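Residue numbers (this note's numbering), protein chains in the order written: chain A, 1 to 233; chain B, 234 to 466. All C-beta atoms, glycine included, are put in the ideal place defined by N, C-alpha and C. In this text, all values refer to a predicted model and were calculated from it rather than measured experimentally. Quick notes on the structure that follows.
Have a look at this one:
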């Protein structure tokens, strides 16, 4: 058995999409798709010769629209989303501790990590954690829109991510500097927002970032609650 | 034991750099670096918490300058290059069938695949083949400069790559369309230049592409023979 974790990048929104593969069973799970990269992802699955079992979201994205609905239609995969995200059209609503199984014996573990949004969920698979917008490489997601909450993000990271083994690979939903991967050990020691900072100071930092409103939010959030589909169920 | 193959992309030259990791031993091998991404690669190795054992080239690149020399200086890694590439400054000269060992029991196998250049070499590791500019995703490297030879490339691909198991992942040195990975099985069936085409027809195709001379070639080739270093040994 092998790890086979593929990371794909959308340069327009700086979004990472992940494809996890059980090679022996030729089955895959795709996490955080991007509507404009639908063709890329379908072609990649075909080249890899794998069947897509699940299309999963880490949260309701505000900066791009998902391809989850179209991927379900094209491949027959089951869609899954965290239950607090309002993505009512997803086939599976995931709570903390829930698992998705694929391939012969692969298990994706849902870790509820609220803060960027109240539903934000990370996924653990074979020493890899897909952290969405909760924990970024030497950064973290913003907490000032949707259901964001800085204190919750601090608790999620410290209680549910920084408690993972130090060599766990961290795969975020975005990077804006050309980086691709980190580890829990590195982020615990060197994350400039989260390492060695107390909760009150983190909340003050996050509440004073004064970031502009995401350009896509009013389009992306309602679209993503519908899995990116423009037609009704 | 896990596969841990990291693919990094340089958008300026559309070059992929690969980092292969033995997680248990915390050791890595880096293949096909890019001078301008030296800082990115060093930072990534630090975040992963791994020691770099080898810096390897697939061939003498004509489109970008390697960071191999600087990576050796910064990390103490050993540099390795195919013996027919004229990279005389590399610590190890690799011939067909040679291996590089790292970590507890990891073995990188050198497969001489001439055609793009006479020294071009692919590397096999745990069901993954790093094909350099020999075999690209639904394409192949050009054969009209340096020591390129279309017939040799055809033979290399058919005799030494297409004979690998169908589910072997193909990781090329470049992609210009946003793709990241393929498989031997897919390329055997669907590569528009190489699938189902006889040798004579392939040679005619490749000899009539009429591609422009690479902009960087007169700078890149001599620099890469010196591992990208501007100072003498």
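Neighbour flag for residue i against chain A, beta carbons, 7 Å
i             : result
residue 236/B : yes
residue 419/B : yes
residue 247/B : no
residue 253/B : no
Start-to-end residues for the beta strand (DSSP E) that takes in residue i
i             : result
residue 122/A : 121-125
residue 341/B : 339-345
residue 128/A : 128-132
residue 383/B : Premise fails: residue 383/B lies in the alpha helix (DSSP H), 383-389, not in any beta strand (DSSP E).
residue 334/B : 332-335
residue 314/B : 311-315
residue 94/A  : 92-94
Straight-line Cα distance separating residue j from residue i
i             : j             : result
residue 442/B : residue 319/B : 26 Å
residue 429/B : residue 395/B : 12 Å
residue 124/A : residue 287/B : 30 Å
residue 43/A  : residue 339/B : 31 Å
residue 69/A  : residue 178/A : 29 Å
residue 351/B : residue 383/B : 11 Å
residue 372/B : residue 244/B : 19 Å
residue 386/B : residue 165/A : 45 Å
residue 147/A : residue 127/A : 29 Å
residue 260/B : residue 283/B : 5 Å
residue 308/B : residue 237/B : 20 Å
residue 110/A : residue 449/B : 48 Å
residue 122/A : residue 182/A : 15 Å
residue 176/A : residue 432/B : 45 Å
residue 103/A : residue 451/B : 49 Å
residue 333/B : residue 341/B : 5 Å
residue 98/A  : residue 404/B : 34 Å
residue 95/A  : residue 58/A  : 12 Å
residue 190/A : residue 134/A : 16 Å
residue 306/B : residue 321/B : 17 Å
residue 214/A : residue 62/A  : 7 Å
residue 325/B : residue 312/B : 6 Å
residue 25/A  : residue 120/A : 29 Å
residue 253/B : residue 263/B : 6 Å
residue 349/B : residue 9/A   : 28 Å
residue 304/B : residue 212/A : 39 Å
residue 278/B : residue 225/A : 38 Å
residue 374/B : residue 158/A : 48 Å
residue 40/A  : residue 274/B : 26 Å
residue 60/A  : residue 437/B : 52 Å
residue 13/A  : residue 456/B : 35 Å
residue 136/A : residue 420/B : 35 Å
residue 427/B : residue 393/B : 13 Å
residue 251/B : residue 112/A : 32 Å
Chain E residues whose Cβ lies nearer than 9 Å to that of residue i
i             : result
residue 182/A : The structure shown contains no chain E; its protein chains are A and B.
Whole-number beta carbon distance between residue j and residue i, since they are thought to touch under 8 Å
i             : j             : result
residue 314/B : residue 300/B : Not quite, the Cβ-Cβ distance comes to about 14 Å (not below 8 Å), so this is no contact.
residue 32/A  : residue 220/A : Not really, about 13 Å apart at Cβ, beyond 8 Å.
residue 439/B : residue 376/B : 5 Å
residue 239/B : residue 180/A : 7 Å
residue 418/B : residue 298/B : With 8 Å as the limit, residue 418/B and residue 298/B do not qualify as a contact, their Cβ atoms being about 34 Å apart.
residue 52/A  : residue 77/A  : 4 Å
Start-to-end residues for the alpha helix (DSSP H) that takes in residue i
i             : result
residue 75/A  : 68-75
residue 454/B : 450-458
Minimum Cβ-Cβ distance from residue i to chain B less than 7 Å
i             : result
residue 178/A : yes
residue 40/A  : yes
residue 130/A : no
Closer than 6 Å: residue i CB and nearest the ligand NAP heavy atom
i             : result
residue 462/B : In terms of ligand content, the structure shown is empty, and the ligand NAP therefore cannot be addressed.
What residue ranges within the stretch 243-290 of chain B form continuous beta strand (DSSP E) runs of no fewer than 3 residues, ordered along the chain?
-> With a minimum length of 3 residues, the continuous beta strand (DSSP E) runs that stay inside the stretch 243-290 of chain B are 248-255, 260-264 and 284-289.
Run through the stretch 159-213 of chain A for me and flag every whole alpha helix (DSSP H) of 4 or more residues, listed as ranges in chain order.
-> Listed in chain order, the complete alpha helix (DSSP H) runs (minimum 4 residues) inside the stretch 159-213 of chain A are 184-190 and 199-206.
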